[in-house]
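A.B. asks: First the structure, then my questions, so here it is.
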Amino acid sequence: MSRAGSVHTNRDFLLLWSGNAVSLIGFHGVRIAYPMLAMSLTDSAAQAGWVMFALTLPALIFQIPAGIVADFADRRRVLIACACAGLAATAIATVVVLTGMSPPGPVLVATAFVEGTAYVFFTLSELGAIRDVVTVEQRPAAFAFFEAEQPIALVVGRAAGAAVFGAARWLPFAANAVTSVFCLITLAAIRGDFATREAAPDRRGAVERVREGVRIVWNDSFLRLSTAVSGAANLVIQVVILLMIVGLTQQEHPAWTVGAVLAAAGVGGVLGSFAAAPLTRRYSAPVVYRGALWAWTGLLIPITVGTDPVVLAAAWGGVGAVGTVVNVALTTFRVDVIPEEALGRAVASVHLVTDGATALGGLLAGFLLGMFGTAVTGWTTVAAMLTLAVLGSRVRQRVPAEPPASPNVGSTLSWSFPGRPRRRACHPLPGRAASADAGRAHRT
Numbered sequence: 002m003s004r005a006g007s008v009h010t011n012r013d014f015l016l017l018w019s020g021n022a023v024s025l026i027g028f029h030g031v032r033i034a035y036p037m038l039a040m041s042l043t044d045s046a047a048q049a050g051w052v053m054f055a056l057t058l059p060a061l062i063f064q065i066p067a068g069i070v071a072d073f074a075d076r077r078r079v080l081i082a083c084a085c086a087g088l089a090a091t092a093i094a095t096v097v098v099l100t101g102m103s104p105p106g107p108v109l110v111a112t113a114f115v116e117g118t119a120y121v122f123f124t125l126s127e128l129g130a131i132r133d134v135v136t137v138e139q140r141p142a143a144f145a146f147f148e149a150e151q152p153i154a155l156v157v158g159r160a161a162g163a164a165v166f167g168a169a170r171w172l173p174f175a176a177n178a179v180t181s182v183f184c185l186i187t188l189a190a191i192r193g194d195f196a197t198r199e200a201a202p203d204r205r206g207a208v209e210r211v212r213e214g215v216r217i218v219w220n221d222s223f224l225r226l227s228t229a230v231s232g233a234a235n236l237v238i239q240v241v242i243l244l245m246i247v248g249l250t251q252q253e254h255p256a257w258t259v260g261a262v263l264a265a266a267g268v269g270g271v272l273g274s275f276a277a278a279p280l281t282r283r284y285s286a287p288v289v290y291r292g293a294l295w296a297w298t299g300l301l302i303p304i305t306v307g308t309d310p311v312v313l314a315a316a317w318g319g320v321g322a323v324g325t326v327v328n329v330a331l332t333t334f335r336v337d338v339i340p341e342e343a344l345g346r347a348v349a350s351v352h353l354v355t356d357g358a359t360a361l362g363g364l365l366a367g368f369l370l371g372m373f374g375t376a377v378t379g380w381t382t383v384a385a386m387l388t389l390a391v392l393g394s395r396v397r398q399r400v401p402a403e404p405p406a407s408p409n410v411g412s413t414l415s416w417s418f419p420g421r422p423r424r425r426a427c428h429p430l431p432g433r434a435a436s437a438d439a440g441r442a443h444r445t
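Residues in the sequence shown are numbered from 2 upward in steps of one, following the working numbering.
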């Protein structure tokens, strides 16, 4: 069928986006339900930390394989396989809750790991899948829809997941199963052909292709530093999430309160998307990044000292708003630098650090809370984020007097301070405008 005209009339894109968006809502619902279920069944913050670790561990170990798959596989088949795996895992978790299996911990850890793995492969293939089903003219609007998925899913998924968990522990998992089925139906209904990939490389070729993606990130000083600091920041954020869950649970707030507080990050993300485009047009990516680190440091203070859910929600909403703005800035920078043919692998190498740290954060959170309690853990997160803000403030890059006419792959993109940077895209990519118009909410 013809894909001419507005993206709103592109049937394949609407099917792809709606199915993926709905399934993401279900995933965020169980993402909050898993640690809450572990807490309710075991009364152990450490056990909740292990479940969070299992859910996020795949981001540490599968980013590079998922990036290779995203670059060379049929992306619709990858998305379908991921939806099937997630459906099977959440169905097993539902049965565990309904039957009262004892001990539930090992099974929940296993199902959480499978769902986390499916999410990693799904996320890296989704971006390319959107490119496959839209025209070049439709890409800006299509990627604006794509960037809106995360904050919307955070708001709806976390709030609904916690609310239905309060009604029945198995409901978030059953709801996630329904969203996975809906995603499978929409993917199967897509009529268009996805882009043909070249044959999978041999082992030596695969290793070299992975190295190429890593080199692109390593050779740019801002990408290198921001990736490392963002990984550490994500680790801190994961500790803060479990800190709020444990604190609110110990204060005997209802489950829906926990969901409402955590969903505030999604609300903040939606609001932050309106400010993201003008801010990223006015300021360079390093300037936005430094400001975000200092803002997060300040916002963690009321989370540490406060016990009122309204105060926690307001501060956590600010964290989400700042996350959207900084992600737009970082996405725009990456799109300018990373060549299209290596996008999946280069972004995977970034996610290996940033999302991989999320897995360690869940484990660290359980240990800190179990050993030191909420007060010490809270101030530890503030001190850690303050340290990262100081390190992030060291970002400095100089603009060469005569930039090379034909830069090599992965060459450094330079910036000048203060004021508006002089910027040149080493490898301009399709869909660049979309990155400036909407930002994916910080994955918290």
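For each residue, glycine too, the CB sits at the ideal point set by N, CA and C. Just so we're clear, the structure is a prediction, and the values are computed from it rather than from any experiment.
1) Where does W317 sit, in a helix, a strand or coil, going by DSSP?
2) With C-beta atoms as the reference, is A60 less than 8 Å away from G117?
3) Tell me the rounded alpha-carbon separation between A111 and Y284.
4) Considering Cα atoms alone, identify which of L313, R140, M40 is closest to G167.
5) Which same chain residues end up closer than 7 Å to V289 when comparing Cβ atoms and leaving out the 5 residues on each side of it in sequence?
6) Would you give the residue range spanned by the alpha helix (DSSP H) that M514 belongs to?
7) Answer with buried or exposed for L42, where buried requires no fewer than 16 other C-beta atoms within 10 angstroms of its C-beta.
8) Determine contact between the segment 82-90 and the segment 172-192, defined as no fewer than three beta-carbon pairs at a distance below 8 Å.
9) Using beta-carbon positions only, say whether M53 and P36 come within less than 8 Å of one another.
10) Counting pairs of beta carbons, one from the segment 119-138 and one from the segment 8-18, are three or more of them closer than 8 Å?
11) Can you have a look at S7 and say buried or exposed, based on whether 16 or more other CB atoms are within 10 angstroms of its CB?
12) Assuming S126 and A71 are in contact, meaning their beta carbons sit under 8 Å apart, how far apart are those beta carbons, in whole angstroms?
13) One question on the structure: do G232 and A366 come within less than 8 Å of each other, judged by their Cβ atoms?
14) Whose C-alpha, out of R395, R346, G299, is nearest the C-alpha of G379?
15) Using the Cα positions of Q398 and N220, report the straight-line distance between them to the nearest angstrom.
16) For V135, which of helix, strand or coil comes out of DSSP?
17) Out of L387, L16, R32, W51, point me to the one whose CA is closest to A143's CA.
18) What would DSSP say about N220, mapped onto helix, strand or coil?
19) Nearest by alpha-carbon distance to A22: which of V115, A49, V79, C184 is it?
20) Mind reading off the beta-carbon distance from G68 to R346? Whole number of angstroms is fine, and I expect it under 8 Å.
21) How long is the line joining the alpha carbons of A261 and V312, rounded to whole angstroms?
22) Under the three-state reduction of DSSP, which class applies to M245: helix, strand or coil?
23) Enumerated in chain order, which unbroken segments of the alpha helix (DSSP H) with a length of 4 residues or greater are wholly contained in the segment 320-370?
24) Leaving out five residues on either side along the sequence, give the residues of the same chain with a beta carbon under 7 Å from the beta carbon of Q92.
25) Which residues bound the alpha helix (DSSP H) around M40?
26) From this set, G321, L301, L392, which residue's C-alpha is nearest G269's C-alpha?
27) Would you tell me roughly how many angstroms separate the C-alpha atoms of G318 and Q239, rounded to the nearest one?
28) I need the straight-line Cα distance from P105 to A360, nearest angstrom please.
29) Taking C-alpha atoms, which residue in V323, P310, P255 lies nearest to A276?
30) Give me, in chain order, the residues of the same chain whose beta-carbon lies closer than 6 Å to that of L109; leave out the 5 immediate sequence neighbours on both sides.
31) Compare the C-alpha of F123 against each of R140, A160, L80, A161 and name the closest.
C.D. replies: Looking at the coordinates:
1) helix
2) yes
3) 44 Å
4) M40
5) L280, T281, V326, V327, A330
6) Given that the chain is displayed from residue 2 to residue 445, the structure contains no residue 514 and the question cannot be resolved.
7) buried
8) yes
9) yes
10) yes
11) exposed
12) 5 Å
13) no
14) G299
15) Bear in mind that the predicted position of Q398 carries a pLDDT of just 49, short of 50, making it unreliable; the figure below should be weighed with that in mind. Using only the alpha carbons, I get a separation of about 13 Å.
16) coil
17) L16
18) coil
19) C184
20) 4 Å
21) 12 Å
22) helix
23) 344-355
24) The amino acid occupying residue 92 in the given sequence is Ala; Gln does not appear at that position. Contacts found: A178.
25) 12-43
26) G321
27) 15 Å
28) 21 Å
29) V323
30) V52
31) L80
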